[in-house]
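Structure record follows, encoded as structure tokens.
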Amino acid sequence: MDVLTLFVLPALVGVVIGIMSGLLGIGGGTVMVPIFRLAFGMSPVMSTATSLFAIIPTSISGAASHIRHKTCIVSLGVAAGLGGALTSPLGVWLAQISPAWLIMVAAALIIGWSAVKMLSKAFKLRAQKRAQQEGAGASAEAGADDADPAPAAADPAPRKLTRKQLLIGVAIGLGAGVASGYVGVGGGFIMVPLMLSLIGIEMRQASGTSLIAVMILAIPGVIEQALLGNINYTAGIAIVVGSIPGAVIGARLVRVVPELALRFVFGGFLIVAAIILVLNEFGILG
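Once you know that position 257 of the sequence shown is 257 in the UniProt record's numbering, the rest is easy, because the numbers rise by one and skip nothing.
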């Protein structure tokens, strides 16, 4: 294989993944697994292993940013990460003994779920935008009658979690670790909603806390995949190299590109990718 196929194309894919991550805050695993499988022809196990390998440096970069800006709960992230570190090798082992089609079906279900969530949020954002536009006139009139505008709400003081909440975090990590090792995704799709519902942290803290957990829980799974010889290091490193400038570009495009349209387009892309992944695995595409 030539340099273009080995490094340049994966690096370009990494740029796209980085841009999407910077714009939408999505994890790269949902994109990398189908691309590795469909575009680069990797086996299901190698696709998930290489994705898991590439997730670690990107999650470290994201987690460092959240820690710096204090938009995460470090203790909870570490607790969930340690829980996931115990079970991510189990996910890798399950992938080794599972039929290839089952791994890809599981990955397709996760990708499809992520797409549905993205599209659902897009519809909500569109409804909110319409409501704001319709109420703009009334709000302006009401504002004219008020002499003193209400002060902006201050950020809540940092919370110290109880031992019970941290143990719940460990339990959440246990489940995320299995999923991460099995299908090569970070596990945020499990951790974020459970941290919100079971522990009660704020949404703005959940993403960063999840990234802290991911950078910890993925390590044992990657080590096991490396020992088994399942990782395509060239493609994985190229993806990471491309995703770094891509994330910077994405962060700068946030104020320029309409998020609503982007969510609809990318959500649709993920649904198509999930469907093709399943059809390809069962030989329906030829």
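Note that CB positions come from ideal geometry on N, CA and C, so glycine has one too.
From a predicted model like this one, the values you see are computed outputs, not experimental measurements.
Inset, instruction - May I have the straight-line CA-CA distance separating E281 from A100, to the nearest angstrom? - result: For the purposes of this step, residue 281 is identified with residue 281 of the sequence shown, where counting begins at 1. For the purposes of this step, residue 100 is identified with residue 100 of the sequence shown, where counting begins at 1. Going by C-alpha positions, E281 is about 8 Å away from A100.
Legend entry - Terminal residues of the alpha helix (DSSP H) in which residue 299 lies: In the structure displayed, the chain extends from 1 to 286; residue 299 sits before or after that span and is not available.
Inset, instruction - Rank I284, L279 and F269 by C-alpha distance to the C-alpha of W113 and give the top, closest one. - result: Sequence index remark: in the sequence shown, residue 113 carries index 113 (1-based). Relative to the Cα of W113, the nearest Cα in the group I284, L279 and F269 belongs to F269.
Inset, instruction - Tell me whether the beta-carbon of V178 lies closer than 7 Å to the beta-carbon of G91. - result: What you label residue 178 is simply residue 178 of the sequence shown in a count that begins at 1. What you label residue 91 is simply residue 91 of the sequence shown in a count that begins at 1. Yes, the Cβ-Cβ distance between V178 and G91 is below 7 Å.
Inset, instruction - Please determine if the stretch 108 to 125 and the stretch 37 to 44 are in contact, where contact requires at least 3 C-beta pairs separated by less than 8 Å. - result: No: the two stretches stay apart, fewer than three of their Cβ pairs being nearer than 8 Å.
Legend entry - N-terminal and C-terminal residue of the alpha helix (DSSP H) that V45 is part of: Residue 45 sits at position 45 when you count from the first residue of the sequence shown. Boundaries of the alpha helix (DSSP H) harbouring V45: P44 to R68, taken from the DSSP string.
Legend entry - F282 in three-state terms, based on DSSP: Taking the sequence shown and counting its residues from 1, the one referred to as residue 282 is at position 282. In the structure shown, F282 sits in coil (DSSP, three-state: anything other than H, G, I, E or B).
Inset, instruction - Evaluate A176 with the Cβ neighbour count: other Cβ atoms within 10 Å of its Cβ, from every protein chain shown; 16 or more gives buried, anything less gives exposed. - result: Working through the sequence shown from its first residue, we reach residue 176 at position 176. A176 comes out buried.
Inset, instruction - Return the first residue and the last residue of the alpha helix (DSSP H) that M215 is part of. - result: Here the question's residue 215 lines up with position 215 in the sequence shown. Annotation: the continuous alpha helix (DSSP H) that includes M215 extends over M203 to L227.
Inset, instruction - With DSSP collapsed to three states, give me the class of P156. - result: For the purposes of this step, residue 156 is taken as residue 156 along the sequence shown, with counting starting at 1. Confidence at P156 is low in this model, with a pLDDT of 47, below 50, so its placement is unreliable and the value that follows should be read with caution. Coil.
Inset, instruction - Could you pull out every residue in the same chain whose Cβ sits closer than 6 Å to the Cβ of F264, ignoring the five residues on either side in sequence? - result: Within the sequence shown, the letter at position 264 stands for residue 264. Here the set comprises A122.
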